[in-house]
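Engineer: Heads up: take any position in the sequence shown, counting from 1, add 639, and you land on the numbering used here.
Backbone N, C-alpha and C fix where the C-beta goes; we use that ideal spot for every residue, glycine too.
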Amino acid sequence: MIFNAADLVLNFIEAKDTVIDSVINDIDSIINLIKGIGVKWNVTNNVLNAADFILDFI
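1. Please report how far the alpha carbon of Lys679 lies from the alpha carbon of Ile693, in whole angstroms.
2. Give the straight-line distance between the Cα atoms of Leu672 and Phe651, rounded to the nearest whole angstrom.
3. Roughly how many angstroms separate the alpha carbons of Lys674 and Thr657, rounded to a whole number?
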């Protein structure tokens, strides 16, 4: 009975760690997505600024 209780506690701790790891991975994915959107926006902004500069120059 004691071993069953200890196994239950260890399984609970392992499951909790798995959930925490999953949440951390999800948050990391969201952060990477936001960074990717930021990079795309910067590239788009730079292209538009270059086009505007060329039009002003002409």
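Structural biologist: Short version:
1. Locating residue 679 in the sequence shown gives position 40, counting from the first residue. Locating residue 693 in the sequence shown gives position 54, counting from the first residue. Answer to the nearest angstrom: the Cα atoms are 21 Å apart.
2. One-based indexing of the sequence shown puts residue 672 at position 33. One-based indexing of the sequence shown puts residue 651 at position 12. Cα to Cα, Leu672 sits roughly 32 Å from Phe651.
3. Stepping through the sequence shown from its first residue, residue 674 is reached at position 35. Stepping through the sequence shown from its first residue, residue 657 is reached at position 18. Those two C-alpha atoms are separated by around 26 Å.
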